[in-house]
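Mind the numbering: the sequence shown is residues 447 to 571 in my numbering, read in order. Glycine included, every Cβ here is placed at the ideal spot set by N, Cα and C. Every value quoted in this text rests on a predicted model; they were computed, and no experiment measured them. Only one structure is covered here, and it is reproduced in the block below.
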Amino acid sequence: MLGADLFERESGGPLPFLGAVFLFTSALSCLVSNAACVVLVYGVLKDLHDGGGLAALRPAQVMLAMMMGASASFATPIGYQTNLMVLQPGGYSFADFARLGLPLTLSTALCAAASIYSLPASWLP
């Protein structure tokens with residue numbers, strides 16, 4: 447089901463697809479650890495690539511979007527250990543993280559997708 451949704455995003459073009467991969471991986475990373483998130487999403491992306499999708503992108507570009515998205519867990523305090531460490535002493539609430547983290551995640555996704563898409567082919571394996 448997830449693979450089909452991401453495949454539909456791929457038909458919209460490579461830049462929206464990279465953004466969708468980043469945002470999905472980031473959203474999942476807010477709930478589970480970064481490593482578990484990458485393991486789950488990698489399988490879906492590998493199946494998409496092996497099935498003939500992702501023709502406009504190199505596999506390294508998609509993997510970069512996935513890895514950067516997994517590291518961008520800004521929207522919840524449970525996404526990263528340091529966020530939990532400052533939650534209580536700083537007097538923050540869950541909503542504080544969402545209020546600042548969601549716009550930060552969206553702007554990071556936009557910058558990351560554009561940067562990854564414009565990487566020269568000589569820089570990619």
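query, result
"For the alpha helix (DSSP H) containing TYR488, list its first residue and its last residue.", "480-496"
"Quick one: any contact between the region 526-537 and the region 549-563, if contact means 3 or more CB pairs under 8 Å?", "no"
"Measure the C-alpha to C-alpha separation of VAL478 and LEU469 and round it to an integer number of angstroms.", "14 Å"
"Could you tell me the alpha carbon to alpha carbon distance between ASP493 and VAL508, rounded to whole angstroms?", "13 Å"
"Is the region 536-544 in contact with the region 483-490, if contact means three or more CB pairs nearer than 8 Å?", "no"
"Among the residues of its own chain, which have a CB less than 6 Å from the CB of LEU550, if the five just before and after it don't count?", "PHE520"
"In the DSSP assignment, find the unbroken alpha helix (DSSP H) run with ARG504 in it and report its ends.", "Neither: ARG504 is in no alpha helix (DSSP H) and is coded neither H nor E."
"Would SER475 and ALA518 be called neighbours here (beta carbons separated by less than 9 Å)?", "yes"
"Go ahead and label ALA558 buried or exposed: buried means 16 or more other beta carbons lie within 10 angstroms of its beta carbon, across all protein chains shown.", "buried"
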